[in-house]
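Beneath this line is the structure, given in structure tokens, with notes to follow.
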Amino acid sequence: MIRTCLARLASASRARVLGLPLLLMVIATVGLPSAARADEEDDIQRQIDAQKAGVPDLELLDRSHAATSEIQRLRDWLGQAWDLRNKHEPDEAREVLERCMAEAELVRQIITAAQLKAQVADREGKLDRTKAETEKKKKALQEAQIKKRSLESAVGS
Numbered sequence: 203m204i205r206t207c208l209a210r211l212a213s214a215s216r217a218r219v220l221g222l223p224l225l226l227m228v229i230a231t232v233g234l235p236s237a238a239r240a241d242e243e244d245d246i247q248r249q250i251d252a253q254k255a256g257v258p259d260l261e262l263l264d265r266s267h268a269a270t271s272e273i274q275r276l277r278d279w280l281g282q283a284w285d286l287r288n289k290h291e292p293d294e295a296r297e298v299l300e301r302c303m304a305e306a307e308l309v310r311q312i313i314t315a316a317q318l319k320a321q322v323a324d325r326e327g328k329l330d331r332t333k334a335e336t337e338k339k340k341k342a343l344q345e346a347q348i349k350k351r352s353l354e355s356a357v358g359s
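In terms of our numbering, the sequence shown opens at residue 203 and continues consecutively.
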């Protein structure tokens, strides 16, 4: 009977010895997702802040206001991503951030296209002015040649 009691006591102390590390491991595993979630939320916050910092630059580039509505949509989506981050929905927040990155690229392309259109319009205007000036000079040259011929024929007669 003493052996049985000693055996039970030994197995109970082994369970305590094994139980403590097991308990610590379980606590660490349970605590890990919240730490990982916090890191993920910090990462999302950094991405949102970086995107928000780029919006004023896009507004400065958009001198012709060709992408005003797209820039406003980008601002709205960044706000939506922030709200999702605050609601602890990182997957949805990342999805919205991907949309924001695509929208920012679209804004850059719209701005570039507007700048190129303005450049084309300037060059076409300059070409039209040059054509008109060339036509005016051509007419003046023809009139001068006609006048020269008439003077030559008057002097020659």
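Virtual Cβ for every residue (Gly too), placed ideally from N, Cα, C.
Between Pro292 and Ile246 the beta-carbon gap is near 6 Å, inside 8 Å, which marks them as a contact. For the pair Cys302 and Ala240, the Cα-to-Cα distance works out to about 22 Å. If you draw a 10 Å sphere on the C-beta of Val298, you find 16 or more other C-beta atoms in it, and that means buried. Residue state for Glu291 is assigned as coil, using DSSP reduced to three classes. Using a Cβ-Cβ distance cut-off of 8 Å, the stretch 257 to 271 and the stretch 301 to 317 are in contact, since at least three pairs of beta carbons, one from each stretch, lie closer than that value.
DSSP, reduced to helix, strand and coil, places Arg331 within a helical segment of the structure shown. Shown here, Ala268 sits in coil according to DSSP, grouped into three states, outside any helix or strand.
The residues Val298, Arg301, Cys302 and Glu305, in chain order, have a CB closer than 7 Å to that of Trp279 in the same chain once the five nearest residues on each side in sequence are set aside.
Here Asp244 is actually not in contact with Ile313; their C-beta atoms are around 31 Å apart, not less than 8 Å.
The alpha carbon of Gln317 has as its nearest neighbour, out of Ala268, Ala342 and Leu286, the alpha carbon of Ala268. Judged by beta-carbon spacing, Ala320 lies within the 8 Å limit of Ser266, meaning their Cβ atoms are closer than that value.
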